[in-house]
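To start, the structure itself, in structure tokens.
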Amino acid sequence: MIIDKDFLPDLRRNAYIECTENYLAHDNVVGIFGDELPEEIFYGCGLIPVPLEGVDSHIFRFGKQDEGKDLCDVIKSTLIYLTTQKCPILYSCKTYVIENKCPLLYNTLKENTEKPVIIYENEKQLKQALCKIYNTQYSENKTQKAKNDLDCIKNILTEIELYSDLNTEEVFLLTFYSKYMTDLSMRKKYFKSLKQKINFRNEKKKIQKISALCPRGNYKSVCSEINSNSARLYRSWDNSDYGYANCIFNFKNEKNYEEENKSASF
6 MIIDKDFLPD LRRNAYIECT ENYLAHDNVV GIFGDELPEE IFYGCGLIPV
56 PLEGVDSHIF RFGKQDEGKD LCDVIKSTLI YLTTQKCPIL YSCKTYVIEN
106 KCPLLYNTLK ENTEKPVIIY ENEKQLKQAL CKIYNTQYSE NKTQKAKNDL
156 DCIKNILTEI ELYSDLNTEE VFLLTFYSKY MTDLSMRKKY FKSLKQKINF
206 RNEKKKIQKI SALCPRGNYK SVCSEINSNS ARLYRSWDNS DYGYANCIFN
256 FKNEKNYEEE NKSASF
């Protein structure tokens, strides 16, 4: 098996330790939400960006009565992890940066933490906000190095998506869970090594694009319906193929966090 389906989700658990260590030593962890944030800017500011959303329902039983009952599972999971302080990632973050996509997530975070919650507008705004909050200096050299690493990883992922016979779940895990590998040099090394092990086609494949709202927590149930070597699962925002109950965006098929995920987190 080329792709270890246990190793990639375990990167999130490993990030607990890394975030705690960085918090104690440098207090330089940033919680992020969104796929279009310029990751290289965080590294250029000397910071460690880590996806912040809760990805399982295990935490629900620790919440207060009716806590998050009108929220989608993604926001509910994130909220209860935040209020119970049971997620080392959320706890270690000095601030949270999110894309300007989901106002409900933004408002929920703002109402339940004293930490800064930043909506990303542009690179200049992000640099200024991060350097002020963390008292760091922005480095163009660090940014360019991070961008080079991220571009290399992105190019390999694109090759895998379009020219490999890896299935939907495997490609999804590589795309979404590799972000918990916060050391970019290690992430790049992992993907370059992986590329040597994969057999690539000469011609580009015809890809079936499946869209889902915030699929880190329900990808298993979604992939159980669509898993093939030509279907690819992407995050989208409105009119998605898959979404959650209580989501503010439109979607066709409901897939919530499942019972099997209750053993998945902290």
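Every position in the sequence shown, counted from 1, becomes a number in the working numbering once 5 is added. Beta carbons: idealized from backbone N, C-alpha and C, even for Gly. Since this is a predicted model, take the numbers as computed values, not measurements.
Taking residue i as the reference, which of the options has the closest Cα?
| i | options | result |
| --- | --- | --- |
| Q90 | Y111, E104, P108, G68 | G68 |
| I158 | T173, Y143, M186, K147 | M186 |
| E230 | N172, H31, K194 | N172 |
| L95 | R18, Q130, E128, N105 | R18 |
| V55 | I8, F181, S82, I80 | F181 |
| S226 | E128, V60, I37 | V60 |
| N244 | L218, E45, P93, A250 | L218 |
| Y48 | S198, F196, T141 | T141 |
| R66 | L135, L42, K81, L29 | K81 |
| K74 | T148, A250, P121 | A250 |
| L155 | T25, E45, L16 | E45 |
| P93 | H31, T25, L110, K137 | T25 |
| F205 | L167, L109, L131, C50 | L167 |
| L29 | I85, S97, D78 | S97 |
| F261 | D78, Y195, Q70 | Sequence inspection shows Asn at residue 261; the Phe mentioned does not correspond to that position. With distances taken between Cα atoms, N261 lies closest to D78. |
| C50 | K200, K150, L87 | K150 |
| E41 | E263, R240, N27, D71 | R240 |
| C228 | V176, E72, P43 | V176 |
| E104 | Y86, I85, T88, L131 | L131 |
| S233 | Y195, Q213, K147, K197 | Q213 |
Mind checking residue i: buried by the 16 CB within 10 Å criterion, or exposed?
| i | result |
| --- | --- |
| A269 | Caution is warranted here: a pLDDT of 44 is assigned to A269, below 50, making its placement in the model unreliable, and no coordinate value can be reported. |
| I165 | buried |
| I37 | buried |
| I7 | exposed |
| D9 | exposed |
| K129 | exposed |
| T113 | buried |
| K106 | buried |
| E23 | buried |
| E259 | exposed |
| D246 | buried |
| E58 | buried |
| N255 | exposed |
| N223 | buried |
| D15 | exposed |
| K184 | buried |
| E174 | buried |
| P108 | exposed |
| T163 | exposed |
| S169 | buried |
| S235 | exposed |
| S62 | buried |
Output the boundary residues of the beta strand (DSSP E) element that contains residue i.
| i | result |
| --- | --- |
| P54 | 53–56 |
| F256 | 256–259 |
| T187 | It is not in any beta strand (DSSP E) - T187 carries neither H nor E in the DSSP assignment. |
| Y101 | 100–103 |
| V122 | 122–124 |
| G36 | 34–38 |
What residue does the alpha helix (DSSP H) around residue i start on, and which one ends it?
| i | result |
| --- | --- |
| N15 | As written in the sequence, residue 15 is Asp, which differs from the Asn given in the question. Looking at the DSSP string, the run of the alpha helix (DSSP H) that includes D15 is 12–30. |
| G49 | 44–49 |
| I85 | 78–89 |
| I94 | 93–97 |
| T113 | 108–117 |
On the premise that residue j lies in contact with residue i, defined as a C-beta separation below 8 Å, what is that separation, rounded to the nearest angstrom?
| i | j | result |
| --- | --- | --- |
| V102 | V35 | 6 Å |
| I215 | R237 | 7 Å |
| Y143 | C136 | 6 Å |
| L178 | L13 | 4 Å |
| K99 | D32 | 6 Å |
| I161 | K211 | That belief does not hold up - the Cβ atoms of I161 and K211 are roughly 21 Å apart, past 8 Å. |
Got a sec: is the Cβ-Cβ distance from residue i to anything in chain C below 7 Å?
| i | result |
| --- | --- |
| L171 | Absent from the structure: chain C. Only one protein chain is present. |
> Which runs of the beta strand (DSSP E) fall wholly inside the segment 194–269 and span at least 3 residues, in chain order?
Replying inline: 213–217, 236–240, 245–248, 256–259
>> Give the list of continuous alpha helix (DSSP H) stretches no shorter than 4 residues that lie fully inside the segment 135–178.
In response: 145–168
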